[in-house]
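Scroll down for the structure; my scribbles are underneath it.
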Amino acid sequence: QVQLEESGGGLVQPGGSLRLSCVASGRISSMNTMGWYRQAPGKERELVATITHRGSRNYAHSIKGRFTISRDNAKKMVYLQMNSLKPEDTAVYYCNTRNWSSGTDYWGQGTQVIVSS
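Numbered according to my numbering, the sequence shown terminates at residue 133, and the numbering increases by one at each position without gaps.
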């Protein structure tokens, strides 16, 4: 079983920055793709960014150039550096890992990000 725990969310003013962290535990392979998704009130969960075990990154168009995803395989962690935050970035952010063999998705509980003045 795989467990994911996010941290780093909070309230920030427009134009500010936050860094989200996610630590994985359990039977997780360093070959798994890891990523961040978000869900705003009344909307479906959407992809924010993913990073493969080789470091290949994929970003949603809406955050490209503002957010950066990174990972530390030794620490089983994935990060999301969010800069130039906008009110439309307000959402619950979820950490995700996808098993490289089975394709099974695992999710964290989520961390709230609110961008407001």
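Ideal Cβ placement from N, Cα and C applies to all residues, glycine included. These numbers come from a predicted model, not from an experiment.
- When the alpha-carbon of GLU62 is set against those of ALA107, MET98, TYR95, PRO30, the nearest one is in ALA107.
- Between the alpha carbons of THR113 and VAL131 lies a gap of roughly 26 angstroms.
- Runs of the beta strand (DSSP E) lying entirely within the stretch 60 to 117, each at least 3 residues long, are 62 to 67, 73 to 75, 83 to 88, 93 to 98, 107 to 114 in chain order.
- Using a Cβ-Cβ distance cut-off of 8 angstroms, the stretch 17 to 26 and the stretch 116 to 127 are in contact, since at least three pairs of beta carbons, one from each stretch, lie closer than that value.
- Check the Cα spacing between ILE79 and each of GLY24, CYS38, LEU96, SER46: the tightest is with LEU96.
- In this structure, LEU101 sits near GLY31, with a CB-CB distance shorter than 8 angstroms.
- Counting along the chain, MET50 sits inside the beta strand (DSSP E) bounded by residues 49 to 55.
- Each of LEU36, LEU34, THR68, VAL28 was checked against the Cα of MET47, and the nearest Cα belongs to THR68.
- Per the coordinates, the alpha-carbon of CYS38 lies some 26 angstroms from the alpha-carbon of SER133.
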